[in-house]
Structures are given as structure tokens and as C-alpha cells.
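A quick write-up on the structure given underneath.
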Amino acid sequence: MDEQHQHHTPRSGVIAGVASAAGVLIVLVVALLLRFEVQLTVPVYGLLLLTLLGILAARPLRRLDSRRAWTIGALGAALLSASQLLLLAAGGSSAGVLTALRDHQGLAALSLAGYPLLYVAQTILLRQRVKEMPSSSWFDGVHCSAVLTAVSCALLLQPVRAATGLETLGLVLLLGRPALDLLLFSVALAVCTILGWRSERAVVLLAPAFGLLLVGDVLRVLWVCGVLASPAWGIAVDVAVLAAVALLTAAAWARGPISTGHVAIAWSSIISPLAMLLISAALLGIDHHHRLPTPTTELALLGLVGVGVKVTLVFREVLSLTGSRDLALTDELTGLPNRRALASALARATSDPRPSSLLIFDLDHFKDVNDSYGHAYGDDLLREVADRVRQVLPAQGLLARLGGDEFAVLLPGSDLAHAERVAANVLAGLAQPLRLHSVAMMIRASIGVSSWPFAAPGVPSAPDASAAPDGPGSEQQDACGELLRRADAAMYIAKRTGGGTARYDDSADRDTRIRRVLARELQAGTGAGQLEAHYQPQVDVRTGQVTGMEALVRWRHPQHGLLAPAAFLDLAEENGFMAEITTEVLHQAAVDAVTWHRQGWPLRISVNLATSCLLNPDLPPLIHEVVNSTGLDPALLVLEITETTLMQDPQRSRETIQELLELGVSVSIDDYGTGYSSLAYLKDLPAAELKLDRAFTQHLGHDPRVAAIIKSTTDLAHSLGLRMLVEGVEDAATLSHLAELGVDETQGYHHARPMPAADVAAWLARHILKDATTLRSRTE
2 MDEQHQHHTP
12 RSGVIAGVAS
22 AAGVLIVLVV
32 ALLLRFEVQL
42 TVPVYGLLLL
52 TLLGILAARP
62 LRRLDSRRAW
72 TIGALGAALL
82 SASQLLLLAA
92 GGSSAGVLTA
102 LRDHQGLAAL
112 SLAGYPLLYV
122 AQTILLRQRV
132 KEMPSSSWFD
142 GVHCSAVLTA
152 VSCALLLQPV
162 RAATGLETLG
172 LVLLLGRPAL
182 DLLLFSVALA
192 VCTILGWRSE
202 RAVVLLAPAF
212 GLLLVGDVLR
222 VLWVCGVLAS
232 PAWGIAVDVA
242 VLAAVALLTA
252 AAWARGPIST
262 GHVAIAWSSI
272 ISPLAMLLIS
282 AALLGIDHHH
292 RLPTPTTELA
302 LLGLVGVGVK
312 VTLVFREVLS
322 LTGSRDLALT
332 DELTGLPNRR
342 ALASALARAT
352 SDPRPSSLLI
362 FDLDHFKDVN
372 DSYGHAYGDD
382 LLREVADRVR
392 QVLPAQGLLA
402 RLGGDEFAVL
412 LPGSDLAHAE
422 RVAANVLAGL
432 AQPLRLHSVA
442 MMIRASIGVS
452 SWPFAAPGVP
462 SAPDASAAPD
472 GPGSEQQDAC
482 GELLRRADAA
492 MYIAKRTGGG
502 TARYDDSADR
512 DTRIRRVLAR
522 ELQAGTGAGQ
532 LEAHYQPQVD
542 VRTGQVTGME
552 ALVRWRHPQH
562 GLLAPAAFLD
572 LAEENGFMAE
582 ITTEVLHQAA
592 VDAVTWHRQG
602 WPLRISVNLA
612 TSCLLNPDLP
622 PLIHEVVNST
632 GLDPALLVLE
642 ITETTLMQDP
652 QRSRETIQEL
662 LELGVSVSID
672 DYGTGYSSLA
682 YLKDLPAAEL
692 KLDRAFTQHL
702 GHDPRVAAII
712 KSTTDLAHSL
722 GLRMLVEGVE
732 DAATLSHLAE
742 LGVDETQGYH
752 HARPMPAADV
762 AAWLARHILK
772 DATTLRSRTE
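Mapping of the sequence shown onto our numbering: residues 2 to 781, in sequence order.
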């Protein structure tokens, strides 16, 4: 379980509060003791210390978060406290500490054993909170403590020896504690500086805890040397240890989320080794002329060795960081700068007063290359593209790979005219014949060009103002993003016009953005009941009876009103949610057809299928679900499919249609004569109906060739057993002419415009007899 996401129970807060209260109580006790110079007995002191240590030791047993750190910290605090308590017991009181130090130096050494554990616990807590901390930083503590101890020995060893009469080991033990306290205190202060003084209490409380240890041990040195003569100062030293342990306990049990910060390698990384180098060298120089106490020289030499180790670690980290930075800014496949590197370059370019231009291009039909030859071949092709484009770029040009088959070229100091010449060179370089792995290929690309500064007023601005960042640098970020967006928009303009190069065009881009917004609204409206099925009758030419209805989708837009299919269906196809629209229309049409059937009108219901729907393997299960859930007779459902749709993937189309026919529905070939007409697929495709496009009926009255086409197509349909239906009948003369040509059924404004489902029954009752009577009178 992640230590940073542990749940802190309310009991933790209670215990932290008890420890904090104990610390406050100890401070009050020491104040009273100093005021009245009352001796603190060893049993009382031991009871207080053991109580706090027990609470601290319970922390890793009761809570899982940071368990390892607080286990080590509790052990270090126990060694420190045990040494303090045993020295008190050996000396009889605070006043006997000096005697205990002379006679029981092992007890003093026990306290020094606790410092490495406290330092390790502190570094574990620090590692959890400070991200990407250089590993050499952990060495600073050990290195600095050795040098600071050397300084303490050089300055204080002789005076303290003269004042106390202690031998060298006793002096090192006495003076080593303040140096180690300073190390712990400095690390705690550094952590608070990085994370902030208002960060979690577990971190903030460590600084005063180690600060109290430092104050207590400095007072101990001064008191033992006789600088502070009052016995109360000895008590103050003992109580400082108690208060420090209380604060450690409060920190261990403190509640709250873990705060995090970040430290990177900077020039400050060499300040510490430089200072230690100067101090160690100075000590050795002084020792050369005036003999310093024995530990000083050894510790100074150790400090010099530490400088070498520190420099080696920093050098290794710098090399690693440089390599990581290069990897972070480089595309692994091509070795080109990546999107992150381009973003940095764009930031520099948009802050430069000179103009700059940006090209974005991708390869036309690259997906077909991957599908046909495999991704390994596609990767090699991308490397070849990178090499070719590099060769034709000017010296200041930056080529970057954005991802997939998309590349960008930044041209600092170039205007649009120069950028378009570079784009022409890129296209020419890519158009050179290519043979890769024995496969001959032509590379074609579409390039979009945009330039900075923007010519249009009111730019830069984010496409969505609510999403624009605030604060310093946001305007430059907007400019970079807008420059990228414009080049990308221009690239898609180039694609729509057949490839090549296209300059950013604000009006075309504005239309694109409007369409993008409309597409989002359509997707939201599909599931919000905004789509409606309107119906246009299909009428038998001979009898005048209504035989079916074609479902035509409409979008009731909240602001734009009722929109025809031409306004939004291509958006649905482009954005991949045509299936949702088809599902909605199928359900509505099936429910309405069942309703009319119950009212006495067993009409066929025709629904159009887009290419993506026919090729979707989920279509047969969808039709099965619609028929079963609505109770529609599958024989009444006609699925209209265009010739173009059939030709996209003839094999899959035939397989899907066969599955649909097995469900009992029928198929109509829609818009016949306008696509890739082929008699071969009519022979193989078990359709029930041919539907002639309205393009023929518009010229029927004045072009005999159109009449001949309709007549021959009708005869063909009848010979294949198909029903012939003609769209676009807008007047009685056209209807009469079609009847003479043998057409079976017609559809168009002459019969009725598309109408909502609620109006169909009334229209049937009001007009069907009139149409039948009129048709019979004209055909007699």
C-alpha cells in the first residue's frame, strides 16, 4: 500500500495532541525548575522520558504510513535518551554529568550511535516528500558533520580539555553532539524551506525538536566547562532532551496529507563541497604551522576525501541529467527533436521580434503503408522522410516529429513567402522515387503553413477562452498553441484540396471551428432527444396507395431550429458517431411503424444506412434488437444502401447484407445511377428494390434520353425481380410520365413533404383517396 495515501485515524490526532501537551508541560516545568533551582530527580526524569519514548515507539505499530522511517527514528531517539538517562543515573544528578563522562565514556558513545539512525529516518521522510532529490545530497550530511567536528576540535578541544580535564575521547563525545545536532537541525530547516513552513506538521515539528537538542547540547558544553555556573542549567539540558523527544513524538503522530516539493541540480550543489574544501584546507594549513589536536587533522583529511567523493557524485548526476534531458527532447524513432523540444523553440520564436513561420505536414495515406507492409516498414519510411527533409531545410530550420507520421518545421526569421518556398522544397525532396526493402513507393505529403506574428486582430487567443491559462507566460503559451493550431488547420485544408501546400486561411478556419462546435453539439444532442424522424410517403403508381414511408432524420437544434440531414450527417460521419444516429432513427422508425400498423396502416418503413454502418459488424445484432424490442414485422423494414457504400468493400457488404436478409428484412439500392453502377453486383446482390435518384426525374419532361434510361432501368429491375422506385416526383406531369414508363412506386413533394410522425396518420386519412382518384383519372 502506498505510504503517501494512508488514512489517518482520529486517534492519531489525539495522541499527537497528548504529545504536544506533554511538550508544553515540560517547558512549564523547566521554567519553574530554573526559577526555584529545584533538582530534577532521576526517577521522575526517567518516568517522563520513558513515557514519551513509549508513545513514540507505538507510532510504527499503530500506523502503516512512513512506518520504516519512524521505526528507525524511535530507535535513534531511544539510544539518545538511554545515554542521557544512564549518565544521569551514573552521576546521581545533573551536577554529576562531568564525572560520569570521565568514568563512563561508553555511555556517552551510546548517544552518538543514535544520531546516524535519526539522520537515516530524516532522510527517508525527506525522500518521500522531495521529488528528484540528487543522490549526492544525502552525502552532504555525513561530509559536513565530519568537517564541522574538525572545526569544533580545532577551536574548542584545548579550552574544553583545560576546563574539564577530559581525555580526547571524552572531549570528542562531548563536542560531537552539538555538531551532529546542527546537522539534523540544518536538514530539518532545509526541508521546511523546500516544502514551506505551512506544510504538514510532521515535517515542521522536526526543526524545533532538533533545535532543542542543539540548544541543550551547547548548554551542556558551556555548563560542563563552567561558563554557566548555576545547577539549573544542568536541569535545562536534561529538560531540553525531554522537550525534543516530546516534539519528535508529536511529529510522528501528526495528521495530514504528505507535502511534496522539488529540488533540481543547480550551481548551489557545489557550494557545500567548496566550503568544506576551503575549511579542510585551512585546518591542514594551520596544522602545518601550529600543531592542532589529533582528531582535527584526521577529520580534515576525511573532509578533503569527502570533497572528491561529492564532486564525483555531482559530475555523474550532471551527466545523467544531460542524457535524460536529451532523451526527453528527442524522438526515439527518428532522432529528431520531439514535441517538447518544438514547444521550447516556439516559445523562443514567439518572444523574438523577428517573424517566424511554422510548417506542419504529414504523409498522405500513411495508414495504408502500415496496413500493407507492416509497422516496421512504416518506421523505416518515417526515418527516410526525416533524412530527406533534413537535407532540404535551411540552416536555421528546426525539424521535429510530433508523433505518428506528423512532422513540423520551425523557421525562425522567415516570412510566409520564404516558408512556402521551403515547403515546396520539402515536397520536391519527398517526391523523389523511393525504393525501400525492394518496394517502390512515392511519398506524398500535405503541408500547412502559418506565421508569427499573426496578421488577424485579437490574436493570440485560446480557442476556448475559459480554458486559457492565467498568470505570467500565459500569453506566450497561447501564441505557441495558436501557431501550432493554425498550421495544423492549414494542413487539413491542403488535404481537402488534394495535398500539397496550403497557407492558413482565417475564413476557412472559422468555418472549421464552427463545424467542430456543431459536431460536439450534435454528439450531445444525439443522446438528449434532439433527433427526430420525419417521414415521406412512397406511393404505388398504378393504385395510388401508400405502400411505405422513408424515415429521414432531422435535428432540432436548441438555437438553430430544425436542421436537414445535409447540415449535419457529414459531421457525424467525420467524427465517428453515425452509428449512434442510425440507432436512434431505427428505433424511432420501428416504433412509429408499429403504431401505424395498429391503426390499420401496415406500411413498409425505409431507413438509410451510411457506409460506416454497413461495414460495422454490430449492425445485424442491432437490427435484431430493434425488431425484437419494438415488435416490428421484419418484412416491413427496408434498409437503403447506396451504390457507393456497396463499392467501399463489396465482399464485407455482401456478407453483412446476407446476415440482414436472414433476419427477414429487405434491402434497397438507393441513389441508383449516380455512383459506381455495376450490373455485376446487381446479379449477386439479393436486393428487393432499385431506387432511382432524383437527378433523372428533374430532366424527364424535356430530355428523351432520360426517359430511355428510366425505361431501360425499370425493365432491368423487373427482369431481376426488383421493385422500381423513383425519387424526386414534384408534379403530376412527372408522375404520369413515370407511370407510362412502367415505374412501380414514386416518392417526392408531389405526394407530400417529409412530416413528423404525429402528422402521418392524419395525412394518410386526408390524402390517400384523393391521390388514388387523381392517378386513376390520368391513366385512363
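Using N, Cα and C, we set each Cβ at its ideal position, and we do this for glycine too.
Counting other Cβ atoms within 10 Å of its Cβ, ASN629 stays below 16 and is therefore classed as exposed. Three or more Cβ pairs closer than 8 Å define a contact, and the segment 220–235 falls short of that threshold against the segment 55–75.
For PHE211, the uninterrupted alpha helix (DSSP H) run begins and ends at 207–225, by DSSP. For ARG724, the number of other beta carbons within 10 angstroms of its own is at least 16, and it is reported as buried. Judged by DSSP in its simplified three-state form, LEU553 adopts strand.
For the segment 568–604, the full-length alpha helix (DSSP H) segments reaching 4 residues or more read 570–576 and 579–599 along the chain.
If you check the CB distance, GLY632 and VAL595 come in under 8 Å. For GLN539, there is no enclosing alpha helix (DSSP H); the residue is found in the beta strand (DSSP E) stretching over 532–541.
Secondary structure at VAL518: helix, using DSSP grouped into helix, strand and coil. For ILE642, the enclosing beta strand (DSSP E) begins and ends at 638–643.
Membership of LEU693 in the beta strand (DSSP E) is indicated by the continuous run 690–693.
Checking the DSSP bridge columns, you'll see ARG436 partnered with ALA441.
Beta-bridge partners assigned by DSSP to SER669: GLU641 and GLU690.
Pairing VAL744 with ALA567, the inter-Cα distance amounts to about 28 Å.
For LEU701, the secondary structure class from DSSP, reduced to helix, strand or coil, is coil. Annotation: the segment 319–395 contains the following complete segments of the alpha helix (DSSP H) (minimum length 4 residues), in chain order: 340–351, 367–374 and 376–393. Closest by C-alpha distance to LEU564, out of LEU587, LEU127, LEU519 and VAL542, is LEU519. In the structure shown, the three-state DSSP call for VAL204 is helix.
With the rule of 3 Cβ pairs closer than 8 Å, the segment 441–451 counts as touching the segment 489–499. For the options ALA245, PRO179 and LEU184, the alpha carbon positioned closest to that of LEU223 is the one of PRO179. Taking a 10 Å sphere around the C-beta of TYR750, we find fewer than 16 other C-beta atoms and assign the residue as exposed. Here GLU660 has PRO621 as same chain residues with Cβ atoms under 7 Å from its own Cβ, once five neighbours each way along the sequence are excluded. Sequence-distant partners of ILE125 (beyond 5 residues in either direction) whose C-beta falls short of 8 Å from its own C-beta, in its chain, are SER67, ARG69, ALA70 and ILE73.
Rounded to whole angstroms, the separation of the alpha carbons of ALA740 and ARG543 is 7 Å.
Under the DSSP definition of a beta bridge, ARG504 partners with VAL450. Secondary structure at ARG754: coil, using DSSP grouped into helix, strand and coil. Distance from the CA atom of ARG422 to the CA atom of THR331, rounded to whole angstroms, is 27 Å. Apart from the 5 residues on each side of it in sequence, ALA636 sits with its Cβ closer than 8 Å to the Cβ of GLY665, VAL666 and SER667 in its chain, given in chain order. Between the alpha carbons of ALA155 and GLY166 lies a distance of about 17 Å.
In terms of Cα proximity to VAL225, the closest of HIS291, LEU176 and ARG256 is LEU176. Membership of ALA409 in the beta strand (DSSP E) is indicated by the continuous run 407–413.
Assignment of GLY562 by DSSP, reduced to helix, strand and coil, places it in the strand class. By the Cβ neighbour-count rule, LEU647 is buried, with 16 or more other Cβ atoms within 10 Å of its own. When the alpha-carbon of VAL192 is set against those of LEU183, ALA208, LEU181 and ASP182, the nearest one is in ALA208. In the structure shown, the three-state DSSP call for LEU742 is coil. Under the DSSP assignment, ALA401 falls in the beta strand (DSSP E) whose first and last residues are 399–404.
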